[in-house]
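Notes follow the structure.
Number of protein chains: 2
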Amino acid sequence: MDVKYINAVCRATEGIFQDYFGLPSRPLAPYAGKFAVDSRQVSVILGVHGQLRGQIICSFELETAKKIIGLMMGGIIVEEIDDMGWSAIQEFGNWVAGTSATEISKEGVIVDVTPPVVNEGNSIFRSHNIFISVPMQSEIGVIEIHISLKKD
Amino acid sequence: MDVKYINAVCRATEGIFQDYFGLPSRPLAPYAGKFAVDSRQVSVILGVHGQLRGQIICSFELETAKKIIGLMMGGIIVEEIDDMGWSAIQEFGNWVAGTSATEISKEGVIVDVTPPVVNEGNSIFRSHNIFISVPMQSEIGVIEIHISLKKD
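From first to last, the protein sequence lines stand for chains A and B. First residue of the first sequence? That's 1 in my numbering, and the numbers climb one at a time after it. First residue of the second sequence? That's 1001 in my numbering, and the numbers climb one at a time after it.
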C-alpha cells in the first residue's frame, strides 16, 4: 500500500474541511500495518471497487459527529442526532470517501465507491488487508480515515 | 426492493449451510422498511456494486461466530477467536455475501461485491436506503442478513 494513497486521503479531507466548513485541518501521524483498528463512536463505511477493492472507513466521536451536522446545517448547535442528522453524517462520509476515491484516481488508479452505511457504537474493524489509517485533526475533533484496499 | 432479493439471499445462505456445514437452516420472518438495524456482536460488511449499489451485512452473536469457525476448521471447539479465526469469519461472510450476489445476479441484476470487513461489537447500522433483513435460523444460532441496495 502506497504513501500516495495516504496523501490522496489527506488532500481529500483537507479540501472538504476547507471548502465546506471553512476550517483548517492537518494530518497527524498516519499508521499502517494493522489488520484490526478500533472504531470511534461513529463510523461511515464505503465499499471501494475498480482497480482497487476494499473499504474506506471514516470514524469519529459522537461529539464530532454533532459538530459536523451543525456545520452542514449552517452553524446550528446539535444536542441529539435525529434521522436528518444521521442522513447528514452519511452524506459527510460520502464526501470524504468519494473525494478520497477521486484523489486516488488522480494517482492513476481508477476506483469508485458504494453508497455509505453508518455504524454507531464502539467496535473493532478487521480486514484481510492491512489498514492504512490517517487521523485528521481539526478544531471539531479528530476524524480517522482507515483504508483497506487491494489490487483487483 | 423486491421479494426476489430476499429469496435470493435465503437460497444463498441455505446453500452454504447445507453444502459447507451439512446443516439445515430456515428463514425466519424477513422484515424491511427500516433505515437502522441493530447489529449482533459480529458483523461482516461487504460493499455491492454493479446494477445495484449498497451493502450486504451478515450479523451474528459471538457464540455463533465461534461455532462457524469450528465448523470451518473441521469440527473443532473454539474457545477464543484468534487472528486465524477472524480470517475464517471474513471468509464466511464472503461466502454468504458472494453467494447472495450470485443468486441476485440470477434474477437478471448483475452485481459484484467488495472484499469484506468485519465489525466486532454491538452497534447500529444506518443507511439512506431501507434495509431488507432476513434472519436465518440454524442449530448454531441465528444469522441475520441485512441488505441495503439501490438501483444504480
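Glycine residues also receive a C-beta, built at the ideal position from the N, C-alpha and C atoms.
Q. DSSP puts Pro135 (chain A) in a beta bridge; with which residues?
A. A:Glu144
Q. Using the beta-carbon of each residue, which ones in chain A are nearer than 9 Å to Ile1045 (chain B)?
A. Ile45, Gly47, Gln55, Val117, Asn119, Phe125
Q.
Please report the distance separating the alpha-carbon of Ile68 (chain A) from that of Val1117 (chain B).
A. 25 Å
Q: Grab me the residues of Glu1120 (chain B)'s own chain with a C-beta within less than 6 Å of its C-beta, minus the 5 sequence neighbours each way, in chain order.
A: Val1042
Q) Going by DSSP, which residues form a beta bridge with Pro1027 (chain B)? A) B:Met1136
(Q) Using a 10 Å radius around the Cβ and a threshold of 16 neighbouring Cβ atoms, would you call Ile1077 (chain B) buried or exposed? (A) exposed
Q.
I'd like to confirm something about Ala1097 (chain B): is its beta-carbon nearer than 7 Å to some heavy atom of the ligand SAM, or not?
A. Although the ligand SAM was asked about, the structure shown includes no ligands whatsoever.
(Q) Checking 8 Å against the spacing of the C-beta atoms, do Leu1149 (chain B) and Arg1053 (chain B) come in under that value? (A) yes
Q: Return the CA-CA distance between Arg1040 (chain B) and Leu1046 (chain B), expressed in angstroms with no decimal places.
A: 16 Å
Q | Span separating the alpha-carbon of Leu1062 (chain B) from that of Asp19 (chain A) | A | 43 Å
Q. Which stretch, first to last residue, makes up the alpha helix (DSSP H) that contains Asn1007 (chain B)?
A. 1003 to 1016
Q: Provide the residue(s) that pair with Lys34 (chain A) in DSSP beta bridges, ordered along the chain.
A: A:Phe131
Q) Using the beta-carbon of each residue, which ones in chain D are nearer than 8 Å to Asn129 (chain A)? A) Protein chains in the displayed structure are A and B, and chain D is not among them.
Q: Measuring only between beta-carbons, confirm whether Gln1018 (chain B) sits less than 8 Å from chain A.
A: no
Q) Using Cβ-Cβ distances below 7 Å, what residues of the region 1085 to 1100 of chain B are close to chain A? A) Trp1086, Ser1087, Gln1090
Q: Report the partner residues of Lys151 (chain A) according to the DSSP bridge assignment.
A: A:Leu52
Q | Any C-beta of chain A under 8 Å from that of Lys1066 (chain B) | A | no
Q) So which residues on chain B does Lys150 (chain A) lean against when the C-beta distance must stay under 7 Å? A) Pro1115
Q. Hey, does Asp1112 (chain B) have any beta-carbon neighbour from chain A nearer than 8 Å?
A. yes
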